[in-house]
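Colleague: Supplied in C-alpha cells, the structure appears directly below.
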Amino acid sequence: GQSLEQPSEVTAVEGAIVQINCTYQTSGFYGLSWYQQHDGGAPTFLSYNALDGLEETGRFSSFLSRSDSYGYLLLQELQMKDSASYFCAVEADSWGKLQFGAGTQVVVTP
Amino acid sequence: EAGVTQFPSHSVIEKGQTVTLRCDPISGHDNLYWYRRVMGKEIKFLLHFVKESKQDESGMPNNRFLAERTGGTYSTLKVQPAELEDSGVYFCASSQETTRPSGYTFGSGTRLTVV
C-alpha cells in the first residue's frame, strides 16, 4: 500500500535547528509538499519539491531525493511561533490529490 | 485577496441527521478539493472539482456523501444520514493550475461532531 512516515513529535529550543524527515512509499510521484498547521487553523503551504535537491524559503528549507523516496523540512532559527504541526504530502496519483503523512508536532521551548 | 472560506466552523448533529458543509474557494480558482481528518489520523483526500466537474471522487467514503459545485464557484458537501464515524474536520482547498508550485490554499475547516 501507499504510506508516508514522519516522526510524531520533535522538541527543540528557540534558535535551534530542526529537521523533519519524511519517507514515502507510493505508486507514483509528482511532488512532495510541506504544510504547517497551528491548532484549529488551516494547513498553510510551506514548500514544494518536484525535483531532487534543496529549496530554500527564508528560515525554512526542503529537500528531496526521489531515488531514496525521502525528503525533509529544515526549520532554522526556531521561534516560538513555529510551534505547530508539520505535514509532508505527496502527489502520487495526480496533480492536486495530496496524500498526507500523520504530521509532526514541533514544540519550541524558551 | 480573500482566502478559502468554510462554514460552519463547527457543527454538532445527531446520528441519522443531515449536514451540509460549504466551501467558498479563492475567486478564480478552478480547482477545488475536499479533504477530511478523522481524529488522530491522516488528512485524507475526498474529491477534486475542476470548475463544476468532478475530476476525481475516489476518496469519497460511501454514497452518504454528496458533493456539488454549481456554476463552478462555491461547493457543498452533504452527509446524509450522518454516522458516528463521520466525525472529524473537513477541509476545503483551492488552487490555480498556473500558480504551481505555490501549493494549495486551505480553509480553516469544519469540525463535524456526530453524537
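So the sequence lines, in the order shown, correspond to chains A and B.
Heads up: the first sequence begins at 2 in the working numbering, then just goes up one per residue.
Heads up: the second sequence begins at 13 in the working numbering, then just goes up one per residue.
Beta carbons: idealized from backbone N, C-alpha and C, even for Gly.
Quick caveat: nothing in here was measured; it's all calculated off a predicted structure.
Output yes or no for whether 8 Å exceeds the beta carbon distance between Ala93 (chain A) and Gly29 (chain A).
Modeller: yes
Colleague: Residues of chain A with CB under 8 Å from Asp42 (chain B), in chain order?
Modeller: Residues of chain A with a Cβ closer than 8 Å to the Cβ of Asp42 (chain B) do not exist; the shortest Cβ-Cβ separation is about 11 Å.
Colleague: What number of angstroms, rounded off, separates the C-alpha of Gly129 (chain B) from the C-alpha of Phe77 (chain B)?
Modeller: The question about residue 129 (chain B) has no answer here: the residues shown for chain B are numbered 13 through 127.
Colleague: Which residues in the same chain have their Cβ closer than 7 Å to the Cβ of Thr5 (chain B), if we skip the five residues on either side of it in sequence?
Modeller: Limits of chain B in this structure are 13 at one end and 127 at the other, which puts residue 5 (chain B) out of reach.
Colleague: Measuring CB atoms only, is the region 13-20 of chain B touching the region 18-28 of chain A, in the sense that at least three cross pairs come out at less than 8 Å?
Modeller: Flag = no, the region 13-20 of chain B and the region 18-28 of chain A do not touch.
Colleague: Using a beta-carbon distance below 8 Å, is Ile38 (chain B) in contact with chain A?
Modeller: Look at Ile38 (chain B): its C-beta is not under 8 Å from any C-beta on chain A.
Colleague: Using a Cβ-Cβ cutoff of 9 Å, what residues of the region 75-98 of chain A are near chain B? List them in chain order.
Modeller: Phe88, Ala90, Asp94, Ser95, Trp96, Gly97, Lys98
Colleague: With 16 other CB atoms within 10 Å as the buried threshold, where does Val14 (chain A) fall?
Modeller: exposed
Colleague: Under 8 Å between C-beta atoms, does Ser34 (chain A) make it to chain B?
Modeller: yes
Colleague: From Lys53 (chain B) to Gly84 (chain B), what distance separates their C-alpha atoms?
Modeller: 30 Å
Colleague: Using only CA atoms, which one of A:Glu10, A:Glu6, A:Gln3, A:Leu5 lies nearest to Val108 (chain A)?
Modeller: If we check each option's Cα against that of Val108 (chain A), A:Glu10 comes out closest.
Colleague: Excluding the 5 residues preceding and the 5 following Tyr116 (chain B) in the sequence, name in chain order all residues of the same chain whose CB lies nearer than 6 Å to its CB.
Modeller: Ala105, Ser107
Colleague: Taking the alpha-carbon positions, what's the Glu26 (chain B) to Ala94 (chain B) distance?
Modeller: Answer to the nearest angstrom: the Cα atoms are 8 Å apart.
Colleague: Just to confirm before moving on: does the CB-CB distance between Phe88 (chain A) and Gly72 (chain A) stay below 8 Å?
Modeller: no
Colleague: Across which residues does DSSP place Asn43 (chain B) in a beta bridge pair?
Modeller: B:Val62, B:Ser107
Colleague: On the criterion of 16 or more Cβ atoms from any shown chain inside 10 Å, does Gly132 (chain B) qualify as buried, or is it exposed?
Modeller: The first residue shown for chain B is 13 and the last is 127, placing residue 132 (chain B) beyond what the model contains.
Colleague: Could you pull the DSSP bridge partners for Ser70 (chain A) from this structure?
Modeller: DSSP output for Ser70 (chain A) lists no bridge partner at all.
Colleague: According to DSSP, which residues form a beta bridge with Arg76 (chain B)?
Modeller: Note: Arg76 (chain B) sits in no beta bridge, so no partner.
Colleague: Given that a residue counts as buried once 16 or more other Cβ atoms are within 10 Å of its Cβ, and exposed if not, what is Ser95 (chain A)?
Modeller: Its Cβ having fewer than 16 others within 10 Å, Ser95 (chain A) is exposed.
Colleague: Report the three-state DSSP secondary structure of Glu97 (chain B) (helix, strand or coil).
Modeller: helix
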